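Inspection log for the structure reproduced underneath, given as structure tokens.
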Amino acid sequence: MTRETRFGALAADARWQKAWEAANSFATTDSADKPKAYILEMFPYPSGRIHMGHVRNYAMGDVLARFKRMTGHDVLHPMGWDAFGMPAENAAMEKGVHPGNWTRDNIASMRAQLKRLGLAIDWSRELATCEPDYYGQEQALFLDLFAAGLVTRKHSYVNWDPVDMTVLANEQVIDGRGWRSGALVEKKKLSQWFLKITDFADELLEGLGSLDNWPDKVRLMQENWIGKSQGLEFSFRMAGGAPGFDVFTTRPDTLYGASFAAISPDHPLAERLAKDSPELATFIEECRRQGTAAEQIDTAEKMGFDTGLSVEHPLDPNWHLPVWVVNYVLMDYGTGAIFGCPAHDQRDLDFAHKYGLPVHRVIADGDETAQHFTGTEAYTGPGKLVNSHFLDGMTIDEAKTAIIARAEHEEWGKGTTVWRLRDWGVSRQRYWGTPIPFVHCPACGMVPVPKAQLPVVLPEDADFSVPGNPLDRHPTWKHVACPGCGGEAVRETDTLDTFVDSSWYFLRFASAPSDKPFDPEVIRRWLPVDQYIGGIEHAILHLLYARFWTRALNKLGMIDIREPFASLFTQGMVTHETYSRSQGEGLPPLFFTPDEISRNADGATLESDGAPVDVGRVIKMSKSKKNVVDPDAILDQYGADAARWFMLSDSPPERDLPWSEAGIEGAWRFVQRLWRLFGDTENMGDGAEDKGLSRKLHQAIAGVAADVESLGFNKAVAKIHALANDIEKAKPSATRAEACRTLILLVAPMMPHLAEEAWAALPPSQRTTAMVADAAWPIADPALLIDDEVTIAIQMAGKLRDTMTLPKGLDKDAVEAAALARPRIAELLGGAAPKKVIVVPDRLVNIVP
RNA sequence: GCGGACGUGGCGAAAUCGGUAGACGCAGCAGACUUAAAAUCUGCCAUCCUCUGGGUAUGCGGGUUCAAGUCCCGCCGUCCGCACCA
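Okay, here's the thing in structure tokens:
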């Protein structure tokens, strides 16, 4: 058979994907004599089609998984589906399809798309969270957490659409209104299920210190999210001495700057007072006409209601502070009440200005110590205490210590720690999620469903014709006998937050017995995940919840590990230019897809009319901006290897990757160029060695390995390009033929189909295995990694003036002498002795004249 | 509002420890091959000047150092997350 002059990607992709499947190449072997490598990419939500972000994510993980196989590891590289969630219910409402059918159809088409990428995945471990064999085990774990006291019920607020009579997600609240009804959203208090993540606040914070292979920014974000703060909790007495309420502050040092006390609209005192004050009741109503998202609360106009009551200042009973109900004080944080110190807190200052409350400086801003504070910016910097009686002259920290000591001595308060982290509300008033395995019995109360009766399966018949939770109005499903007394009872109709599903799936991938969530022995072998890869958008919630579940299961004695992900990598987004035309003032621009556009160096035109369009900024691919490129079309045109190669080229993986037509074409050309080069594996010339090329080859073997290992794919790509250039330029030799063969192995993790095709074309005597999928990574010869000559820069006063090539490893004196002997340097020195000479061996000489 | 990051040629970037800024790729320009096109190959490609050399350049302004893209201080710009989107 003669070798094709062009690489036929489409046929090769299909051929090798079939061959790997037939050989079961990527099944995990569970052979204990090899080191294990658990490579995991965040599993996708089955939205219907894969997008370029998925391609990038899975290409990266796949390169690492294949590389680990080549370096002798037993690799676990699984795939599954985060299959519960809101879009399925939306589809049910809009298109009349059942969420289950919609989801399973999506999974089937996305699985087919992913397989076209040629991923080295053990598909026998595939799971979907919407299937009872998964969520039933999740219900079992939920009952275990309940038994361990980590599940509670509490009241909390949800977004309520008063027209549709349904709970809304934050995402469904647009400018304070329900996305379908357009009604103003209200906050509504519901009794809900919570997981007690706050029990683990301290260890989740401490544990961050052990995560050396996590990005610093993610650790910092989690640290701030958990938000440990030390402060003072104390009680205000009402003016006259009646018991008042507790407040918490992180700035007890500013107590002499207090000018009011403020409580949350949800504070019990506010609710009690509202019973006798229609005005206050109206005000509280107004505060509740607002979503629950933090951003909305923080950016809302400051509003307050003067209750007319006063409290005594704890340091001076004769000093009375007015009590206000205030919209920016949260019931969830601290005690739901604060004292306001406008001079040194921006929110308090805005509030004080609006309502004409006094503003007293108690921290000196440099020389500025005047008690009357002017300006619109609160002073939050360091400084000495002023206008604060016994605290005057102290630093902020000293004053904090002094106040806390006095409060504890006088018994009106105590030093305490509070957390920003709140317990995790897992109740969702929705159909398409894991049913919470509890029954409400009029006689026995809240009763857990016995494990023997699990799974509590979602009913297939559900009515989506009206908004709201179909489980709640289901005619039969919710009515059951109480597991305790056998009397009439009703099921819990809330389902679990989908973040619960993704908090333990990495365990189920490793071990999925039918009668329990996982086998601890098998978990011991595989966990933690060695490399986890996913989007930065999961930096806090998903990653914190998964850490919490791992620690909770550890506490229950079910697993040994405390942290699920030994190493974390957060990848950037795939972006693209936008194409649009203005539709006139006040109207949104009309966007066009890349398919409708001809792009050239100067700009872009619309193919249908040949007239120009505006080329907009490079932003994240999104349907609304139409700057989306469909992976399937790219695979049809260029094949999997070119797509994978482009995804790994140029941009560092943690940064955004701008997709471009020119870029994928460049990747395609390189695939073809390699194919031609791989055809040269038998051209030995006269059979001689090529020492220089040999060095470059071995440096590339070591360099590409190091780059892949550290996920520096763009750097590995650059090194492969450079090596290909060097091989092409080299004269035929035994070394060059060997380099061509070795290059097949170096590109194999990234371009597996091309590598298999080229490998198969080698004479059998020249390959170690039948398939590249089973081949080993080449071994770099340490002797060839070091050059014997180095180019040394010669600077004068820090500016480059000359370079010289010297044997590597020369001592400082010899290098200095060589530099000073250079004619150019001698000329510039003009015979004068240099003032100072700095020599960095094998790098540079800096002469200070 | 709070929290986090990022900023280097026309573009994506590299520079791993404070030590020759711009490797590698994309786009572009010139040439070779070709009846022609595609494909392929070769060369050029930060910027300015008085051009065998020299100056200026890593968002802007300062600082430390023999030496700063890298360290410190202050700005500006862009992006991401904010607990019921996944």
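At position 40 of the first sequence (counting the first as 1) the number is 990 in the numbering used here, and the numbers step up by one without a gap.
Glycine residues also receive a C-beta, built at the ideal position from the N, C-alpha and C atoms.
A quick note: this is a predicted structure, and the numbers were derived from the prediction, not measured.
key: Inside the region 1482-1558 only - alpha helix (DSSP H) runs reaching at least 4 residues   = 1491-1505
inquiry  = Taking 7 Å as the threshold (C-beta atoms), are Pro1308 and Asn1299 in contact?
reply    = The question names Asn, yet the displayed sequence has Leu at residue 1299. Contact flag unset, no.
DSSP bridge partner residues for His1429 (one or two, in chain order) = Val1440
DSSP three-state assignment for Asn974, whether helix, strand or coil = coil
inquiry  = According to DSSP, Val1309 sits in a beta bridge with which residue or residues?
reply    = Bridge partners of Val1309: none, in fact.
message = Using a Cβ-Cβ cutoff of less than 8 Å, which residues in the same chain neighbour Ile1057 once the five nearest sequence positions on both sides are dropped?
response = Residues Pro996, Trp1031, Ala1033, Ala1078 of the same chain have their beta carbon placed closer than 8 Å to that of Ile1057, with the five preceding and five following residues left out of the count.
Residues of its chain near Thr952, where Cβ-Cβ distance is below 7 Å and the 5 sequence neighbours each way are ignored = Bear in mind that a pLDDT of 49 at Thr952, under 50, signals an unreliable position, so the model cannot answer this.
key: Local conformation of Met1002 per DSSP, three classes   = It is helical.
ask   = Considering only residues of the same chain and omitting the five flanking positions on each side of Arg1187, which have a CB-CB separation below 7 Å?
value = Pro1193, Gly1194, Val1261, Glu1262
query = What three-state label does DSSP hand Thr952 in the structure shown?
reply = Residue placement at Thr952 is flagged as unreliable, the pLDDT there being 49, under the threshold of 50; the coordinate-derived value follows with that caveat. Three-state result, Thr952: coil.
query = Lys1138 to Val1440, Cα distance in whole Å?
reply = 23 Å
message = My output table needs one value for Tyr1206: the three-state DSSP class, helix, strand or coil.
response = Helix.
message = So if DSSP puts Gly1030 in a beta bridge, which residue, or which two residues, is it bridged to?
response = Leu1077
inquiry  = Just to confirm the assignment, what range does the beta strand (DSSP E) spanning Trp1369 have?
reply    = 1363-1369
message = Along the chain, where does the alpha helix (DSSP H) containing Asn1597 start, and where does it finish?
response = Residue 1597 is actually Met in this sequence, not Asn. Note, Met1597: alpha helix (DSSP H), 1581-1598.
ask   = Roughly how far, in whole angstroms, is the beta-carbon of Leu1493 from the beta-carbon of Arg1006, given that I think they are within contact range, below 8 Å?
value = At roughly 19 Å, the Cβ-Cβ gap does not stay under 8 Å, so Leu1493 and Arg1006 are not in contact.
query = So, helix, strand or coil for Val1578, using DSSP?
reply = coil
key: Alpha carbon of Met1171 to alpha carbon of Ser1179, nearest angstrom   = 15 Å
task = Give me whichever residues DSSP pairs with Ala1212 in a beta bridge.
result = Beta-bridge analysis with DSSP links Ala1212 to Trp1274, Ile1288.
task = Could you have a look at Val1113 and say whether DSSP puts it in helix, strand or coil?
result = coil
key: Range covered by the alpha helix (DSSP H) that runs through Trp1709   = 1702-1711
inquiry  = For the beta strand (DSSP E) containing Trp1143, name the first residue and the last one.
reply    = 1136-1145
query = In the DSSP assignment, what residue or residues form a beta bridge with Ile1797?
reply = Met1746, Val1787
query = Per DSSP, what kind of secondary structure is Asn1337 in: helix, strand or coil?
reply = coil
task = Thinking Ile1736 and Ala1769 are a contact (beta carbons under 8 Å), I'd like their distance in whole angstroms, please.
result = Contact flag wrong, Cβ pair sits at about 22 Å.
request  = Have a look at Glu1044 and Ala1561 and give me their C-alpha separation to the nearest angstrom.
outcome  = 37 Å
query = Taking all protein chains shown into account, do 16 or more other C-beta atoms lie within 10 angstroms of the C-beta of Gln1087, making it buried, or fewer, making it exposed?
reply = buried
task = Tell me whether Ser1106 sits in a helix, a strand or coil according to DSSP, three-state version.
result = It is a strand residue.
message = So if DSSP puts Glu1183 in a beta bridge, which residue, or which two residues, is it bridged to?
response = Phe1198, Lys1364
task = Use the C-beta contact count for Asp980: other C-beta atoms within 10 angstroms, 16 or more gives buried, fewer gives exposed.
result = exposed
key: Contact between the region 1681-1690 and the region 1633-1649 (3+ Cβ pairs under 8 Å)   = yes
message = Using 8 Å for Cβ pairs, my map puts Phe1092 next to Pro1433. What's the rounded Cβ distance?
response = Wrong, their Cβ atoms sit about 15 Å apart, outside the cutoff.
request  = Measure the alpha-carbon distance for Asp1469 versus Arg1356 and round it to whole angstroms.
outcome  = For Asp1469 and Arg1356, the distance between alpha carbons rounds to 55 Å.
task = Return yes when the Cβ of Asp1373 is within less than 7 Å of the Cβ of Thr1148, no when it is not.
result = yes
message = Does Ala1561 come out as helix, strand or coil in the three-state DSSP assignment?
response = coil
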